[in-house]
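Quick note, the sequences are listed as chains D and H, same order.
In this text, residue positions in the first sequence follow the numbering used here: the first is -1, and each later residue adds one.
In this text, residue positions in the second sequence follow the numbering used here: the first is 74, and each later residue adds one.
Positions of the beta carbon are idealized from the N, C-alpha and C atoms, including for glycine.
Quantities reported herein were computed from a predicted structural model and do not represent experimental measurements.
To start, the structure itself, in structure tokens.
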Amino acid sequence: MITEFGHFALVLALVVALVQMVLPIVGWVRRDDALISTAPPAALLQLALLTLAFLSLMYAFITSDFSVEVVWKNSHSAKPMLYKISGVWGNHEGSMVLWVLILALFGALVALFGRNLPPSLKSNALAVQASISVAFLLFILATSNPFTRLDPAPLDGRGLNPILQDPALAFHPPFLYAGYVGFSMAFSFAVAALIEGRIDAAWARWVRPWTLVAWMCLTIGISMGSWWAYYELGWGGWWFWDPVENASFMPWLAGTALLHSALVMEKRDALKVWTVLLAILTFSLSLLGTFLVRSGVLTSVHAFAVDPERGVFILAIMMLFIGGSLALFAWRAPLLKQGGIFAPISREGALVLNNLILTTAAASVLVGTLYPLVLESLTGDKISVGAPFFNMTFGPIMLPLLVAVPLGPLLAWKRGDLAKVMERLYWVTALAFIITVGCFAMIERGPWLAPFGMGLGLWLVGGALAEPAFRTRLFRAPMADVWHRAKGLPRSAYGTMFAHMGLGLTVLGIVATSAWQSEKVVSLKTGQAENIAGYKLVFGGVAPRSGPNYKEMVGLFTVTRGGALITRLHPSKRRYAVQKQGTTEAGIYNALLGDLYVVLGDQLDNGSYSVRIYFNPLVRLIWIGTLFMFLGGMFSLSDRRLRIGAPKRATLPAAPVAAE
Amino acid sequence: MTGIQSKNLLQNYPRIFVLMFLGLFIWGGVGCGPASAVEPDEILKDAGLEARARVISSQLRCLVCQNQSIDDSNAPLAHDLRVLVRERLTAGDTDDDVFAYVVARYGTYVLLKPPFNINTLLLWLAPFLILVGASFMLYRGYQGRMVAEADTEIDALSDAERLELDAILSPSSTSSDGDDGPDGS
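In structure tokens, the structure reads:
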């Protein structure tokens, strides 16, 4: 009954979305305020209906109602509650419902909190948002209905893929989707601005918070996925340039560029046309990501939907929205007036460099991801574009940007002075230099580029701190004075500091673990020991253990350093009964300078076990860095300017051709 | 561009999906578990050779897996390939010899780093071309903006506008309507 109720709510949501798509635009054309004002309540109603649909699907999962096909295929009565719930979006149908739910959530938030928006911009943006909703609701109802019943109902379900039964992965998709879908707000505002044919600096101020929220969610989502891969896939890798990873990374790169270009637009009224285009491109990449993952066109671990009908449908949606918005852009963009000019060496110039490099990087990843697909369909030749290609191209592209990041925030708007900026970074430069030389002196093995990488990471971290330090006159004024200035600094300045510091920490982690990882692949008998990075691991044998829905063999390792007990590690090999699949659970010890990482392999013929032991130096900085980026986003979001700094213009009548 | 790509995608859907289905089937069947793969008994005594073997392995695709190198996969085929690579190295092959040997048997698909040839020309040049193209457009845009700015500063008024302005500004003109100014004088 509740399932049918959910189905009904889903259909009603489609109807409401249709209304929300059509009425505001008609109202805008006819200058009918009553029609224009239908958009916000429709957005709220749509969210309410989709929440009902989502909750009824969740109810079916929680109560293990196997008469619902999706539940039967993806759940099992013996599964822990957390994974019953995460099972709702751990499959194609449910994840699409989550997708539109988040879409509606963003729309409703704009309806609720967008009070200072001009009514026509707000309702047009909501109409565009609703059109995306309509397309995906049609897609769900036509090809991926989560409420399909089975008769007779099976006795038990088939279970969720074991490697997906993991806390980090349970929350990875919601964050990722909030990021993907959140960029739809920037897209909707961009298209609405194009429809109205006018855009100003205030537009950037309205769009930035939504883009920022989406970007923060995407950052955390990608980071969670990478963290999961690190400890679950069992060889300490954290990024594989897998097409599906690329699918989420491309919108992240473009979204990062968008955040920075919107900054120029807000402060200096420049780069307007480019910012609008970037907003469209960012969401286009999100749609492409959805297509790549949902259609299963790229074979990979993540692609669990294998159905051409769905692929063609999403492809059609993608072409409609990307093609339509780009056509609208080509038609209407010339109407948008360009704003202030600036010298190449200036804050704006630095942000343009940021955009140039980030979009080039995103485009290169795009080419690398789609090239094998296109080549095969054109010529039939099969090639692989794997990690070595991306490492060779992505790294060199990003390098100049990483070097330039600390300079940007210190440059003045309009016309900057590079020499003065370098003067302020004097100490940071010296520190980065010392670290580089120190790495060369202390570590004899590893690639010769790695010490420079460490210097670069420190340059980023120090550079991020340099700007607030300069503005608060740290070490140059009495502490009380510094404190006073620090309190007066806008939150966005701290946002920049934390985000750029996070980037530096991530670079340090990537460089250190890529260059200086140690690895031992050995066969151990009970009682035998192995040394790595100053630690001694004694193998204490293997014991069986049972979990809620799996059995596992657990290895016991006693870790000592200089005779003192450090920890005991319990890597295991799990076997899930329902799916007849196994997973490896690594034993990880987080030491100060890196992770000790032990994986239990198979039993060999002579009774010993094959064991892999790694020491991954500074690897956690990769994810700690992303947390800093997230924190930076939080600071920026809490900035006064975004909360109450509504420009006066917002209250003026905003009819499209008000001044006749 | 998008249109052409998409059309070909559409046409190739059945094939791609059959391949994918087979891929999934094989993936379940031959056990490319997600776990690191080099086994203790495979490792060569000569540390130098072993290091080279690891580098080569990380650039060869496990053909029955999904986007895994043979260094990362514990599928039997990956094991066989790892052993093969080590045999060739022990026999005195250079790294290039080993790659050539494997490619001759499994095709270029096995290389995770695609070779530079006519088929992959665009792939390898793409990042460079995109950067140069974008920089060029940026430069043109910047120049255009500077020229436009110069125009607006120096040559902002057309003759008609100047007449109009004179008419408005001249003390003799009593007409407040700008349009009538030039006609009336």
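Residue i vs residue j beta-carbon contact at 7 Å
i: Ala527 (chain D); j: Lys534 (chain D); result: yes
i: Ile312 (chain D); j: Arg292 (chain D); result: yes
i: Pro160 (chain D); j: Thr494 (chain D); result: no
i: Thr358 (chain D); j: Ile191 (chain H); result: no
i: Leu616 (chain D); j: Gly507 (chain D); result: yes
i: Val17 (chain D); j: Leu55 (chain D); result: no
i: Met420 (chain D); j: Ala462 (chain D); result: no
i: Val69 (chain D); j: Ala51 (chain D); result: no
i: Pro249 (chain D); j: Gly287 (chain D); result: yes
i: Pro200 (chain H); j: Ser521 (chain D); result: no
i: Gly406 (chain D); j: Ala360 (chain D); result: no
i: Leu158 (chain D); j: Tyr81 (chain D); result: yes
i: Gly88 (chain D); j: Leu162 (chain D); result: yes
i: Cys135 (chain H); j: Ile143 (chain H); result: yes
i: Thr367 (chain D); j: Asn244 (chain D); result: yes
i: Lys418 (chain D); j: Ser344 (chain D); result: no
i: Ser323 (chain D); j: Val189 (chain D); result: yes
Terminal residues of the beta strand (DSSP E) in which residue i lies
i: Glu112 (chain H); result: From DSSP, Glu112 (chain H) is part of no beta strand (DSSP E); its letter is neither H nor E.
i: Thr556 (chain D); result: 548 to 559
i: Ser570 (chain D); result: 570 to 574
i: Ala562 (chain D); result: 562 to 567
Residue i - containing alpha helix (DSSP H), residue span
i: Ala255 (chain D); result: 241 to 266
i: Ser282 (chain D); result: 270 to 293
i: Val211 (chain D); result: 199 to 230
i: Leu12 (chain D); result: 0 to 28
i: Gly180 (chain D); result: 165 to 194
i: Lys518 (chain D); result: Segment 516 to 522 is the beta strand (DSSP E) holding Lys518 (chain D); no alpha helix (DSSP H) there.
i: Gly580 (chain D); result: Note, Gly580 (chain D): premise wrong, no alpha helix (DSSP H); beta strand (DSSP E) at 579 to 583.
i: Ile34 (chain D); result: 31 to 34
i: Arg178 (chain H); result: 168 to 179
i: Thr146 (chain D); result: Counting along the chain, Thr146 (chain D) falls outside any alpha helix (DSSP H), and DSSP gives it neither H nor E.
Contact set for residue i: own chain, Cβ-Cβ below 7 Å, skip 5 residues either direction
i: Asn614 (chain D); result: Gly234, Thr511, Gln515, Gly592, Asp593, Tyr595
i: Phe281 (chain D); result: Phe181, Ser182, Ala184, Phe185
i: Ile433 (chain D); result: Met452, Gly453, Leu456
i: Gly96 (chain H); result: Residue placement at Gly96 (chain H) cannot be trusted, given a pLDDT of 35 that sits under 50; what the coordinates show is reported in the next sentence. Hits under 7 Å: Gln139.
i: Ile622 (chain D); result: Leu503
i: Tyr275 (chain D); result: Going by the sequence as given, residue 275 (chain D) is Leu instead of Tyr. Excluding residues within five positions, the ones whose Cβ falls inside 7 Å are Phe327.
i: Tyr369 (chain D); result: Val383
i: Met19 (chain D); result: Ala125, Ala128, Ser129, Val132
i: Thr524 (chain D); result: Phe537, Gly538, Gly539
i: Ala11 (chain D); result: Gln44, Leu47, Leu48, Ala51, Leu135
i: Ala475 (chain D); result: none
Spatial neighbours of residue i in its chain, beta-carbon cut-off 8 Å, leaving aside the 5 residues before and after
i: Arg469 (chain D); result: Arg483, Leu487, Ala491
i: Glu550 (chain D); result: Pro542, Arg543, Ser544, Ser570, Lys571, Arg572, Arg573, Glu583
i: Arg559 (chain D); result: Gly532, Tyr533, Lys534
i: Ile100 (chain D); result: Pro172, Tyr175, Ala176, Val179, Gly180
i: Val171 (chain H); result: Ile129, Val158, Arg161, Leu162
i: Phe450 (chain D); result: Thr434
Residues near residue i in its chain [Cβ-Cβ closer than 6 Å; skip 5 each side]
i: Ser65 (chain D); result: Arg147, Leu148, Ala151
i: Thr254 (chain D); result: Leu356
i: Pro78 (chain D); result: Pro546
i: Asn352 (chain D); result: His258
i: Leu416 (chain D); result: Ile343
According to DSSP, residues forming a beta bridge with residue i
i: Arg530 (chain D); result: For the record, residue 530 (chain D) in the displayed sequence is Ile; it is not Arg. Paired residue(s): D:Tyr533.
i: Gly592 (chain D); result: D:Ala589, D:Pro615
i: Arg443 (chain D); result: Partner(s): none; Arg443 (chain D) has no beta bridge.
i: Gln601 (chain D); result: D:Tyr607
Along the segment 40 to 56 of chain D, what residues have a CB closer than 8 Å to any CB found in chain H?
-> none
Residues, ordered as in the chain, of the segment 392 to 418 of chain D that lie near chain H by beta-carbon distance below 9 Å = Taking 9 Å as the upper bound on Cβ-Cβ separation, chain H lies near residues Phe392, Pro394, Ile395 of the segment 392 to 418 of chain D.
Short-range partners of chain D found in the segment 129 to 151 of chain H, where Cβ spacing is below 9 Å | Ser131, Gln132, Arg134, Gln139, Asn140, Gln141, Ser142, Asp144, Asp145, Asn147
Within 8 Å of chain H by C-beta, residues of the segment 371 to 389 of chain D in sequence order = Leu371, Val372, Leu373, Glu374, Ser375, Leu376, Thr377, Asp379, Lys380, Ile381, Ser382, Val383, Gly384, Ala385, Pro386, Phe387
Relative to chain H, which residues along the segment 511 to 522 of chain D have a C-beta separation below 7 Å, given in chain order?
-> Val519, Val520, Ser521
Taking only beta carbons into account, state which residues of the segment 172 to 190 of chain H come closer than 9 Å to chain D, listed in chain order.
-> Gly180, Thr181, Tyr182, Val183, Leu184, Leu185, Lys186, Pro187, Pro188
Interfacial residues, the segment 579 to 600 of chain D to chain H, with Cβ spacing under 9 Å | Gln579, Gly580, Thr581, Thr582, Val597, Gly599, Asp600
Quick one: which residues of the segment 225 to 239 of chain D get their C-beta closer than 9 Å to a C-beta of chain H? List them in chain order.
-> Ala227, Glu230, Leu231, Gly232, Trp233, Gly234, Gly235, Phe238, Trp239
Taking a cut of 7 Å between CB atoms, which residues from the segment 189 to 208 of chain H lie near chain D?
-> Answer set for the segment 189 to 208 of chain H: Asn192, Thr193, Leu196, Ala199, Pro200, Ile203, Leu204, Ala207, Ser208.
Near-chain D residues of the segment 109 to 121 of chain H - C-beta to any C-beta below 9 Å = Ser109, Ala110, Val111, Glu112, Pro113, Asp114, Glu115, Ile116
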